[in-house]
Every structure is written in structure tokens, then in C-alpha cells.
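Working notes, structure below.
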Amino acid sequence: MDLIPRNVANFTRQLRRIGGMFDWDHTVDTTQPEYYRWTQWLFLQLFRNGLAERKEAPVNWCPSCMTVLANEQVMAGLCERCDTPVEQRRIAQWFFRISDYAERLLDNLREMDWSETTKKAQENWIGRSEGALLRFPVLGVEPTPELVESATEESDAGEGSTVAPSIDDELLLEVFTTRPDTVFGASYMVLAPEHPLVDALTIPEQRDEVEAYRERVRKMDMVARKKVEKEKTGVFTGGYCRNPATGQEIPVWIADYVLMEYGTGAIMAVPGHDERDFEFASRFDLPIPRVVAAPGEDPDTPLEEAYVGPGHLVNSGEFDGLEVDEAIGQITEWLSEQGLAEARVNYRLHDWCISRQRYWGPPIPIVHCDACGAVPVPDDQLPVTLPRVEDFRPDESGVSPLARVREWYETECPECGEPARRETDVSDTFLDSAWYFLRYPSTDLDGVAFDPAITRTWLPVDCYIGGNEHAVLHLLYARFITMALHDLEWLDFEEPFSRFRAHGLIVREGSKMSKSKGNVVVPDPIIEEYGADTFRLYLMFLGPFEEGGDYRDAGIQGPFGFLKRLWETVVPVDALGDGPPDPEVERKLHQTIEQVTRQVPELGYNTSIAAMMEYLNAVRSGGRQATRSEVEPLVPLIAPFCPHLAEELWSRLGHDESIFQGANWPAWDPEKTVEDTVTLAVQVNGKVRATVEIPADTSEAEALERARQEPNVNRYLDGAEIRRVIYVPDRLLNLVVG
RNA sequence: GCCGGGGUGGCGAAAUGGUAGACGCAGGGGACUUAAAAUCCCCCGGGGGCAACCCCAUCUGGGUUCGAAUCCCAGCCCCGGCACCA
-1 MDLIPRNVAN FTRQLRRIGG MFDWDHTVDT TQPEYYRWTQ WLFLQLFRNG
49 LAERKEAPVN WCPSCMTVLA NEQVMAGLCE RCDTPVEQRR IAQWFFRISD
99 YAERLLDNLR EMDWSETTKK AQENWIGRSE GALLRFPVLG VEPTPELVES
149 ATEESDAGEG STVAPSIDDE LLLEVFTTRP DTVFGASYMV LAPEHPLVDA
199 LTIPEQRDEV EAYRERVRKM DMVARKKVEK EKTGVFTGGY CRNPATGQEI
249 PVWIADYVLM EYGTGAIMAV PGHDERDFEF ASRFDLPIPR VVAAPGEDPD
299 TPLEEAYVGP GHLVNSGEFD GLEVDEAIGQ ITEWLSEQGL AEARVNYRLH
349 DWCISRQRYW GPPIPIVHCD ACGAVPVPDD QLPVTLPRVE DFRPDESGVS
399 PLARVREWYE TECPECGEPA RRETDVSDTF LDSAWYFLRY PSTDLDGVAF
449 DPAITRTWLP VDCYIGGNEH AVLHLLYARF ITMALHDLEW LDFEEPFSRF
499 RAHGLIVREG SKMSKSKGNV VVPDPIIEEY GADTFRLYLM FLGPFEEGGD
549 YRDAGIQGPF GFLKRLWETV VPVDALGDGP PDPEVERKLH QTIEQVTRQV
599 PELGYNTSIA AMMEYLNAVR SGGRQATRSE VEPLVPLIAP FCPHLAEELW
649 SRLGHDESIF QGANWPAWDP EKTVEDTVTL AVQVNGKVRA TVEIPADTSE
699 AEALERARQE PNVNRYLDGA EIRRVIYVPD RLLNLVVG
């Protein structure tokens, strides 16, 4: 039970030890009621504004964690926490309507200063596709109210349909397609095995087979089901739809290659122009009509494989001859006039399933009342705290451990006062972290989640650095929550992190280092041996920050030696010369200050450190004695990397205040960075033949004159005519001879 | 399959149109030392040459350019994400 305080203490110890400069006066602990009270408040804000709802939908169930998971927490079919293959279950769960924000979450990305890779990950995850919702009349099935209702069932991807799926006493089967132009080629339909209309469509003769298939699919975990390479399977239901374009009756099948979670869970199959449908139709001997012809093909050119490229329509009645692009719009419009189509944008992004059947987590602050329904716990009764329990392990039932604590869940309805039951699910821990940055500046305040004035001063976050593994988890959730709070007028910005950079991964002996996968580099013993500063410096030095790097144990010697030499250069402070800096060294110093000042904000840490090493080499070159004026400015430059050492050196240099107290960052003088002599590369026909030392800003004519004196240049000019001279002042002179 | 990021010495890497390999690791040689450590100096992509120098070299092949690691086209390989998404 007291695991969490212990973990927190250990993290805190390590972070302090490594010299992380955090404001320890503003910490949050998401497991404490003082914090999760406001997580619950946040839930209620969304609930009261229609952004949180309880609904039944196919959800991911991890049989090992024994809880449901959000889509974002399923990695290639495996549970993000424990790598167990997840199953699909249909249980009523609490969802946040993040899919309402799909378009804005996508749009804002374009202008955001975030790592490209992170933006792309979000873009793919949101998965916008343009197309149409088409409605296929179902033959021989009465559109009873129940069926109509089950067929209109909410689908959070895309906007809900506006037209009831029955027309002229016919039940309509809705499908989403990006290729409405190929509707004349739809020769059969496929429903996901879980589709609510499967029962109604199945004829008695097929029932056993259909049920057996559904059962088999139900038992399959998502990894097995989504395996692309496996052979397509499916079963005919015996039912038929009418193709609204051709009027033909086409069979309705169920197959597990159609997923309930995407679109409407049903497709029109166009085997001629979709690879998956082609494979399925070939296997089950279904017709494969051609409705698009590439240049040089005619309506009867046989299809050896699905043709998905551009072309013009064929076998499509009045639409024959239209290019695919034009046909998409025209056919959608034609069908929509009959109430059988609507242009539609579909998103892969699903609503965020936030309820969890665990003990740990903030209880969802809702009371279920027979009379009043789901009633929010009034703000003044927050937090709803977790009861102490003996056994907090979840079980197979899909019901939270809190449901075993009768004295906790039995309560009265805040509205009518009748006996009622608390919600026993807790919220996803990703909800805790989706808003913590809002809480940080306001941790002193008990009365609000975040104070408006303080929030305006401190937020949004200027620069956020984290791992890209959170691209579609934390980072997407935090954007959504911020956007929702903006719309509810709690915030005046809608994006939480102005700048985001994904750091690279540290790899050691082939394995990656990450919070969840374990530390392949254990800091404590390294700090023990070399000190925190050396460790920090090495981590920053071993590769570009945004790409990570290969941690080699021996490599730490470089930064260690550097710091050692730095110390020895400065430390008998009395031994430092007190004269002016050597002019050469001074120039190098100003160049170094410039480079470090410029590169640190760009996360160019490895090259900044290299520059400082170079500078120290120059200072010590030939065993020369440094002056104070040469080394003192280097101390603040190294301070962000090596705070302990810098502080100590600063103090030994006679400063009473902490180096971090004042504005100690050195300034560079642009005039002092310029070289008075430069090395000019002299090329003949693009090949370097000599280098010459010349004064900076030498004119082309003078440079040419000087270059001609070089025997190795002259050799190549002998007897040849200089046809062209390219002169890049202070860098290069290229003589083109012919 | 699609989308990102990459591919440069023995190794980690610099250089984003102008002297490829800064800085560092590992390696070699030298000075100082009784010795070692530390420190300092020198060498360190490949080949040729007594040398001056020359040739080759940034995944491969083409191209643009006076000049390409860098820009363009085609391909190969590695890493990461998504993936039967209709």
C-alpha cells in the first residue's frame, strides 16, 4: 500500500542527485486526493458539457490487467503495460468525445513547432479520410424500431448520421467508403462479425455456420485477428442487399477482415478495385466486375488483380467515361438525392475510453440513481476518495474491485436523495497526466484546479521535451483536454505545449533505455564513480539530443577528463594569471560563447560541449598558464551541463552569490570573434591544390595573386587559360581552367 | 504496404552547397619521471610515392553545379510509428 510514497521518494532522490533544477515547491502527486480531486473536477467539467458519456462500444480488454484499455494503449494488438494480446469486449464504458476534436487536433498540427516525427504520428493516428457514407437497402428484413436503432448506433468516427437508416419500409445498411465512384462494382457486402445487423440478415439455413464463425472470431485476440498475412475467412449470411447504383441483389457476408471499430463496421466490397476484396472474392468465387479502366484498357479487360489506380469509369451506367476524381463527387451527389449517400469524413481516431476496472486511480465522480440516471457528484463533495481495501486485485468479471466494497458504493442520489450507487470504475491514469502542467503553477491553491491569472502568466508551456512514445498517448490527450478547457472558457489558449521536441533514445549494447523498459544505464553507480556532472555531460555529449545515442561505458572518459582538466586549470585560483587574455585565446573564447549561446536553445548540446572542449584545449595548449580572464567566462557556460562543478568553481573564483543567482551568462563581442588571418582553400577545377594564409577580407585580385605564387597551383595553371574564377571571400578560391 | 528518421574512419560523431572526418573514445609513438600515474607534444580513412605530391573515399547508381556528405531522380539497407482503416 505504501509503494507509491516510496517510489516518489526514490525518484525525487535521483532527480536531486543528478542536479535537476526543479521547483520543488510546486510538485504534484496524482495519487493524492489533493490532486485527483481536480482530476475529478475535470471529469465533471467534461461531463456537464456533453464531452464525457457512458456508452456501450467494442473496447479493448486486457486479460492480464483485467481492465479495459484505450485504443492508444494498445500497441500492435498488445497491452501497453504488460504486452498481453488484448481481446475485444462489449461493455458499457465512460468515453471522452475526443473524436469531436479530430479535425482541430489535426489542423493545429500544421502550425505547431513540434518534432516532425511526433506530428506525423498524431496525424496518422487521427487518420482522416474523405469519402462517403452509402446506404444499401436490405432485402427481406422488416425495419423494426429495434433494428433501426441498432443500425443507427452511435459511431464516434465521423458525424452521426442525420437520416434514419430506413426508407420506404426498407432497412438500410450503412457503409463508409473512400471510393463511392466504384459503387457499380460492389458485388457483395461484408459485415464485421460483431455487427448488430448480422442476426437479422442471417437466414435460418445459415445460422449455425454464422454463429460458429462469430464464436471463433470472438475468441481470437486482436493480434491474431489483425494479422494481415493470414488467409481471408468469412461466411455467407444468406441475406441480400440491393446495390443502390445497379439495382442488383448482392449477397451479404460476414468476415473478420472487416473491423467493427472502423467506419460503420460494414463495407461494400468492390473486388475489382480493392486488394482485400479481390482476395476475398477470389477465394469464395464471388463476381469481380471492372468499373474503372486505366488508359489502354476497356470495360472487358480482364482483372488479374485489383486495380486501384486512376482511370475512367466503365460499366457504370450514365457515369461511364468520368475520371475517378470527378465520379467520386458526382456519384455521391446522385445517391444522396435519393437519401442513399452523404459525403463523409471518417477518422480513425476513436473516443477516449477512460474508465478502468482497477483499484488504483481516481474514482469517476458519478452516482447512478434509478430515478435520475447518471448524476455528477457535486463539486463541494469532491474528492470521492478511494476506500482502503484488503484486496484490490481486479478480476475477470470486467467489474471494478470497488464494486466489492458495498459500504463505499452505497450512497444516496445527490439529486433526489434516494438510495443510489457510486460509479465503481476509476479513470485512466493518462487522465491524471493530461492536465498536470496546468496544476503545477497553482499547487499552492486549494480552491481551484488552476488560477486564471497565474495560468496566463506561466502557460502554455514554452518548451516541452519528452519521449516520442507518448505521441498518441499523453501528448494527444493533453492537447484534447486543453482544447476542451479552452472551449469551456477555462483557458485562453488551446494548445498546451508551444514547442515540443522528442528526445532520442539512449542505447547501450543494443538495448534501449526507457522508463517502462528499464534503465539499461543505471545512474547511481556511475554518479558514485564519476559524479553527477560527468554523467550529465556525457549524456549530452554522446550524440545529437534529438537522435539519442549509443552509450559506451568507456566513452565517459572523455567528459571526465575534460572536467578534470577544467578543474585543474581553474583551481589553484591564486595561480591564475591576472593579465589580459591572450589575443588568440580571447578570439576563441568569444567564438565559443557565441556558439554555445546559439546552440543551447536549439538543443545542440553535443556540439556546444565540443566547442567548450576545443576552447579549453586552446587555453591549455602547450601547457600554457591560463589567465583568470580566459577561464572565468567558461564557468557559466558549463553551468547548465555541470551545475555542481560550476557552482564550486564560481565560488572559488571569489563570488559570494550562487552562479545561478545573477545574470552571469557571458556576452560575446562580435568584433572579437573575427579572425584577422584566414586559411583560403585554393582549388583548380574544384580540387584543392593548396591552402594559403591571407588576411581576412582579402580582395579577389589579391587572393588570386597570392594563389599564383603557390607552386602546386601554378603547375595546374601552366599553359592553361583561366576561364572562370569563383571566389568565396575568406573561404575558397576556385580557378576553372580549360 | 504506408508514413517519419537515418546510412560518413576501428567506434560515438562534426560539417546542410565551399579544405570531409571538428570534438571525443579506442589505438600507436615521443617528452617529463628512478618508475608509474597525471600532464604535454605528435600520428591515427584507404592506396601509391624517397619526397614534393597524386589517386580513391561520406550506402549504391545516375543527374544538377566551377564545386555535392549536403540539392534532384532511381534503388538498397537499418531504426521508429501505423497497419486487413474500407
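First residue of the first sequence: -1, per the working numbering; consecutive thereafter. We put the CB at the ideal spot given by N, CA and C, even for glycine.
Pair within 8 Å by beta-carbon distance, residue i and residue j
i	j	result
residue 537	residue 640	no
residue 328	residue 320	yes
residue 38	residue 469	no
residue 394	residue 64	yes
residue 723	residue 733	yes
residue 422	residue 446	no
residue 425	residue 352	yes
residue 257	residue 235	no
residue 362	residue 92	yes
residue 374	residue 44	no
residue 557	residue 532	yes
residue 131	residue 78	no
residue 472	residue 440	no
residue 466	residue 115	yes
Helix, strand or coil at residue i according to DSSP, with G and I counted as helix
i	result
residue 409	strand
residue 119	helix
residue 24	coil
residue 731	strand
residue 58	strand
residue 576	coil
residue 445	coil
residue 161	Unreliable positioning characterises residue 161 in this predicted model, as indicated by a pLDDT of 39, which lies under 50. The coordinate reading is nonetheless provided below. If DSSP states are grouped into helix, strand and coil, residue 161 belongs with coil.
residue 610	helix
residue 595	helix
residue 129	strand
residue 154	Only weak support exists for where residue 154 lies, its pLDDT of 45 falling under 50; the coordinates are left without a value.
residue 548	strand
residue 398	coil
residue 359	coil
residue -1	With a pLDDT of 48 at residue -1, under the threshold of 50, the modelled position of that residue is not reliable, and no figure is offered here.
residue 37	helix
residue 403	coil
residue 134	strand
residue 86	strand
residue 103	helix
Identity of the residue in the options nearest residue i by Cα
i	options	result
residue 215	252, 203 and 615	252
residue 190	82, 211, 170 and 178	211
residue 388	286, 399 and 395	399
residue 459	496, 75, 59 and 638	496
residue 55	74, 591, 106 and 193	193
residue 681	241, 362 and 715	715
residue 127	167, 176 and 40	176
residue 357	14, 66, 225 and 651	66
residue 23	341, 438 and 721	438
residue 242	301, 209, 178 and 81	178
residue 588	632, 608 and 270	632
residue 810	475, 410 and 392	Past the edges of the chain, shown from -1 to 736, lies residue 810, and the structure says nothing about it.
residue 264	270, 570, 49 and 255	255
residue 260	346, 231 and 201	346
residue 636	593, 548 and 669	593
Per DSSP, cross-strand counterpart(s) of residue i
i	result
residue 688	680
residue 111	497
residue 620	Paired residues: none, contrary to the question.
residue 675	693
residue 52	92
residue 588	DSSP output for residue 588 lists no bridge partner at all.
residue 425	353
residue 653	For residue 653, which the question treats as bridged, DSSP gives no partner whatsoever.
Any non-hydrogen atom of the ligand COA within 7 Å of residue i CB
i	result
residue 234	The model on display carries no ligand, and the ligand COA is accordingly not part of it.
Practice prompt. Could I get the ranges of all uninterrupted alpha helix (DSSP H) runs contained in the stretch 461 to 523, with 4 residues as the minimum, in chain order?
Written response: 472 to 485
Worksheet item: What are the complete alpha helix (DSSP H) segments, minimum 4 residues, inside the stretch 270 to 354?
Response: 273 to 282 and 322 to 335
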